[in-house]
Amino acid sequence: MFERYEMDWDAYHRRAQTGPCFVCGIVARNPEFPAHVIYEDQTAIVFLDKYPRVYGYTIVAPREHRAQVTGDFAIEDFLALQRIVHRTAEAVRQELNAERIYLLSLGSNQRNAHVHWHVVPLPAGVPYREQQLGIYKKGILKIPDEEMTALAARIRRRMDQLKRE
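Under numbering that gives the first Met the number 0, think of the first position of the sequence shown as 0, with each following residue one higher.
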């Protein structure tokens, strides 16, 4: 459906290690960090991944810069954020009819230190060897901006429906 390309990982790592926090940039609406924002409130921001390996790859992050997945949160704050992760994952799963949702918290104190969760939908019919971490071997999807905008709107509507239920 969409072409794939190989990312210049050396350039990405250099920018990530020396540049400003990409999540803080998105929260601040810094034009250097354009994003397809799906949802935001006083706690979190949800947006489509800029370098998606699969269609609908979404990121959930706290608005405030925090580096430790659990240590930088009071239990109530952590659980509030996880409710948003859950609603996001369920919206993505339902909207894209995903066979499964993968949830990961990746990053490093040396690069992309701002805590964030990857919500990764597994499309139906993906061969077993291409599932799980196999999705990271296939390159980045080249999805047109207008399609990303439309996808963000679809997931946003689904999240709104789930909030009302």
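For every residue, glycine included, the Cβ atom is placed at its ideal position computed from N, Cα and C.
Self-check item: Alpha carbon of residue 36 to alpha carbon of residue 29, nearest angstrom
Solution: In the sequence shown, counting from the first residue as 1, residue 36 sits at position 37. In the sequence shown, counting from the first residue as 1, residue 29 sits at position 30. Each residue's Cα considered, the two are about 13 Å apart.
Quiz prompt | Rounded straight-line distance, which links the Cα of residue 56 to that of residue 142 | solution = Within the sequence shown, the letter at position 143 stands for residue 142. Within the sequence shown, the letter at position 57 stands for residue 56. Approximately 12 Å, taken between the alpha carbons.
Quiz item: Does DSSP put residue 60 in a helix, a strand or coil?
Solution: Here residue 60 corresponds to residue number 61 of the sequence shown, with the count starting at 1. Strand, per DSSP.
Quiz item: At what residue ranges does the segment 2 to 56 contain a whole run of the beta strand (DSSP E), taking only runs of 3 or more?
Solution: Given a length threshold of 3 residues, each whole run of the beta strand (DSSP E) inside the segment 2 to 56 is given here in chain order: 36 to 39, 43 to 47.
Quiz item: Under the rule that 16 or more other beta-carbon atoms within 10 Å means buried, what is residue 80, buried or exposed?
Solution: To locate residue 80, count along the sequence shown from 1; it is residue 81. Residue 80 comes out buried.
Quiz item: Nearest to residue 101 by alpha carbon, out of 74, 52, 7?
Solution: Against the sequence shown, residue 101 aligns to sequence position 102. When only C-alpha atoms are compared, the closest one is 52.
Self-check item: C-alpha gap between residue 70 and residue 133, whole angstroms
Solution: What you label residue 70 is simply residue 71 of the sequence shown in a count that begins at 1. What you label residue 133 is simply residue 134 of the sequence shown in a count that begins at 1. A straight line joining the alpha-carbon of residue 70 with that of residue 133 spans about 30 Å.
Quiz item: In terms of alpha-carbon separation, which member of 105, 120, 119 lies closest to residue 113?
Solution: On the sequence shown, residue 113 is found 114 positions in, with the first residue counted as 1. With distances taken between Cα atoms, residue 113 lies closest to 105.
Quiz item: Leaving out five residues before and five after residue 148 in sequence, what residues of the same chain have Cβ atoms less than 8 Å from its Cβ?
Solution: Translated into the one-based positions of the sequence shown, residue 148 becomes position 149. For residue 148, same chain residues with a beta-carbon under 8 Å away, outside a window of 5 residues either side, are 35 in chain order.
Quiz item: Can you give the beta carbon distance from residue 6 to residue 90, rounded, assuming they're within the 8 Å contact cut?
Solution: Position 7 of the sequence shown, counted from the first residue, corresponds to residue 6. Position 91 of the sequence shown, counted from the first residue, corresponds to residue 90. The pair is not a contact, with the Cβ atoms about 27 Å apart (cut-off 8 Å).
Quiz item: Taking Cβ to Cβ, would you say residue 123 is nearer than 9 Å to residue 146?
Solution: The residue you call residue 123 lines up with position 124 of the sequence shown. The residue you call residue 146 lines up with position 147 of the sequence shown. It is not a contact, given that the beta carbons lie outside the stated cut-off.
Quiz item: Who pairs with residue 117 in a beta bridge, going by DSSP?
Solution: Counting from one through the sequence shown, the residue named residue 117 turns up at place 118. In the DSSP output, where bridge partners are listed per residue, residue 117 has 58, 103.
Quiz item: Is residue 148 near the ligand ADP, in the sense that its beta carbon is under 8 Å from a heavy atom of that ligand?
Solution: Inclusion of the ligand ADP in the displayed structure is not the case, the ligand content being empty and no account of it being possible.
Exercise. For residue 137, collect the residues of the same chain with a Cβ closer than 8 Å to its Cβ; drop the 5 residues on either side in sequence, then sort them by chain order.
Key: Start at 1 with the first residue of the sequence shown, and residue 137 comes out as number 138. Leaving aside the five residues that flank residue 137 on each side, the residues in its chain whose CB is nearer than 8 Å to its CB run, in chain order, 3, 52, 129.
Quiz item: What residue does the alpha helix (DSSP H) around residue 77 start on, and which one ends it?
Solution: Numbered from its first residue, the sequence shown carries residue 77 at position 78. Note, residue 77: alpha helix (DSSP H), 74 to 95.
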